[in-house]
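**Q** The structure under discussion is supplied below as structure tokens; questions concerning it will follow.
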Amino acid sequence: MEKVVIMGAGPAGLAAAYDLSKNGIETVVLEKEGQVGGISKTIVYKGYYFDLGGHRFFTKFPEVDQLWQEVLGVDFKKTPRLSRIYYRNKFFNYPLTPLNALFGVGVGTAFLIILSYLKAKIFPYRSEETFEQWVSNRFGKKLYTMFFKTYTEKVWGIPCDVLQAEWAAQRIKGLSLSSAIYNAVFKPKNTKIKTLIDQFDYPVYGPGMMYNEFKTKAEQSGAVRVLLNAEVVKINHDGNTIRSIEYLDVNGKRQLLEGTSFISSIPITELVQRLDPPADAAVRAAAQKMQYRSLITVDIIINKKDVFPDNWIYIHSPEVKLGRIQNFKNWSAQMVPDPEKSTLGLEYFCNEGDDFWNLPDAELFELAAAEVEKIQICQKAEIEDYLVVRVPKAYPVYLLGYQEYLSEVAECLRQFSNLQLTGRYGLFKYNNMDHSIMTGLYAARNIRAGARKYDTWSINVDEEYHEESKLSNDRQAKSRISNA
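Structural data, given as structure tokens:
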């Protein structure tokens with residue numbers, strides 16, 4: 004009899020559990036934290052709702068959109084998108100609008116940007132291995148330095164010349180200086196670059212609402228149990244077969260859980276570390292070289308009705324550590340119970356365990372309050388309360404050469420006939436939520452089919468956003484899969 008064990012209750016793990024629940028397949032989900040959702044959870048503090056960063060719901064997978072609508076229904080709303088760049092005491096529209104950029108940087112600097120762009124077209128980098136090379140070829144070195152370098156290095160904590168170009172290709176694919184200006188001036192109806200999406204769906208109480216409902220509906224089937232505060236500490240295997248999982252329960256007691264099929268959305272590096280018998284030394288060494296970047300949010304409640312009109316702002320100014328600001332009231336008014344107040348999520352990027360990560364909450368708040376005052380977002384005196392949330396391993400880091408390490412780890416894990424990897428953590432891919440959900444659905448379909456018909460590694464982080472006149476062969480394949 005089939006018994007599925009899922010490690011991790013983020014979007015991927017919950018999507019798999021929900022799919023399996025519809026088919027009455029016995030499933031146990033182990034979640035280390037006290038609530039589901041992974042990095043897409045929503046924190047509730049004194050009636051205010053705070054996300055761990057911003058999480059737009061947008062997809063080109065019809066089955067994912069259908070799933071979201073099915074789970075949340077009328078509480079899933081269309082939200083207009085507005086975001087800007089803050090740079091050197093000025094706000095710039097994002098995506099770029101020519102007049103705003105011209106008056107923002109001044110005629111002299113704008114002229115230098117155009118010259119730099121033309122130079123990049125005539126004398127581009129021959130190789131595009133790094134983020135710096137990839138962006139400079141599309142925007143010119145001047146604009147890269149102004150509007151990409153500082154923010155990107157805040158996010159990743161490493162120089163852009165050692166960050167893999169693959170990250171840029173995934174996150175801003177299709178966008179260049181010329182395409183941004185063309186979109187701003189002509190507003191074409193049939194071409195929509197992924198980065199320029201101007202509206203998205205969103206749960207009225209944040210993304211956590213969606214994933215809490217996933218959990219509730221899956222458990223209502225009677226086939227699924229979701230165990231919170233259950234940390235996986237050992238994965239027992241025999242040759243190429245996983246036999247059982249050992250985890251610490253809510254009381255810190257070690258428990259054994261046997262299964263026939265296993266799905267993992269926990270960090271792939273932790274998965275390797277927990278194998279028993281251990282993986283080969285070379286595989287363990289490769290996993291140790293793979294890095295995740297962590298996030299700290301300083302969430303503040305402001306005694307002010309309106310702060311700024313954006314959903315979020317990118318802080319490119321080098322004089323502050325602050326990387327991005329979420330304005331939760333503009334994501335959904337219901338997230339702020341008092342209409343006379345506003346809430347902001349101030350995002351700082353760091354490495355788990357470094358000096359910044361270990362700063363006391365009070366010091367983090369003092370820094371954040373001083374920085375939002377410095378860049379004239381609000382006055383410290385207007386902040387009436389705050390909450391600090393630490394988010395370990397939020398983003399897989401695409402260091403130069405990381406594919407070599409990932410390939411070695413993946414080859415080791417592929418040997419297990421009853422183990423599937425899913426999600427951003429599990430696949431070490433900078434997935435969007437819909438990509439993670441599709442990997443979970445693929446894993447569930449494989450279990451239902453009793454065969455590996457769908458490869459969770461094949462979900463591409465870009466392709467679903469391309470607007471093409473004809474479906475590619477891969478998209479046609481996906482259409483067939485969606486009807487399976």
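Counting along the sequence shown from 1, when you hit position 190 you're at 193 in our numbering, and nothing is skipped either side.
All C-beta atoms in this analysis are idealised placements derived from N, C-alpha and C, irrespective of residue type, glycine included.
1. Give, in chain order, every unbroken run of the beta strand (DSSP E) that is at least 3 residues long and sits entirely within the stretch 201 to 289.
2. Which residue comes first and which comes last in the alpha helix (DSSP H) that contains F114?
3. Under the rule that 16 or more other beta-carbon atoms within 10 Å means buried, what is L259, buried or exposed?
4. Just mark V188 as buried or exposed, buried being the case when its beta carbon has 16 or more other beta carbons within 10 Å.
5. Taking DSSP as the reference, what is the three-state secondary structure of E322?
6. Tell me whether F114 is buried or exposed, calling it buried when 16 or more other Cβ atoms sit within 10 Å of its Cβ.
7. Taking 8 Å as the cut-off, does the stretch 299 to 316 touch the stretch 384 to 400 (at least 3 CB pairs, one atom from each stretch)?
8. Below 6 Å CB to CB, which residues in the same chain sit around G107 once its five sequence neighbours on both sides are set aside?
9. When you compare only the Cα positions, how much space is there between R327 and R296?
10. Take the Cβ of I88 as the centre, count every other Cβ of all protein chains shown within 10 Å, and call the residue buried at 16 or more, exposed below.
11. With D78 as the anchor, note down where its beta strand (DSSP E) starts and where it stops.
12. Write down every uninterrupted run of the alpha helix (DSSP H) in the stretch 19 to 75 whose length is 4 residues or greater and which is fully enclosed by it, in chain order.
13. Hey, how far is the Cα of A384 from the Cα of I304?
14. For the alpha helix (DSSP H) that contains I440, what are its first and last residues?
15. Assuming the contact rule is C-beta atoms closer than 8 Å, F64 and D437 should be a hit. Round their C-beta distance to whole Å, please.
16. Which one of G57, V31, N434 and G16 has the shortest CA to CA distance from D313?
17. In angstroms, rounded to a whole number, what distance separates the CA positions of L85 and E216?
18. Under a three-way DSSP split, which group does P312 fall into?
19. By alpha-carbon positions, which one of E135, G143, G111 and E131 ends up nearest to I125?
20. Quick one: grab the DSSP three-state call for N140.
21. In terms of DSSP beta bridges, what is R393 paired with?
22. What residue does the beta strand (DSSP E) around G348 start on, and which one ends it?
23. What is the residue span of the beta strand (DSSP E) that Y97 lies within?
24. With a threshold of 16 other CB atoms inside 10 Å of the CB of N330, please say whether the residue is buried or exposed.
25. What are the boundary residues of the alpha helix (DSSP H) that H427 is part of?
26. Is the number of C-beta pairs between the stretch 272 to 280 and the stretch 234 to 246 that are closer than 8 Å three or more?
27. Is the beta carbon of E156 closer than 8 Å to that of C163?
**A** This is what the structure gives:
1. 202 to 206, 227 to 230, 234 to 241, 244 to 251, 257 to 261 and 264 to 267
2. V110 to I125
3. exposed
4. The predicted model places V188 with a pLDDT of 49, which falls under 50 and marks its position as unreliable; any figure quoted below should be read in that light. It counts as exposed.
5. coil
6. exposed
7. yes
8. K93 and F95
9. 15 Å
10. buried
11. Where D78 is concerned, there is no enclosing beta strand (DSSP E), given that its DSSP letter is neither H nor E.
12. 65 to 75
13. 11 Å
14. M436 to A452
15. 6 Å
16. G57
17. 28 Å
18. coil
19. G143
20. helix
21. I299
22. S345 to C353
23. K93 to Y97
24. buried
25. The residue you asked about is not His; residue 427 is Arg in the sequence shown. Note, R427: alpha helix (DSSP H), G426 to L430.
26. yes
27. yes
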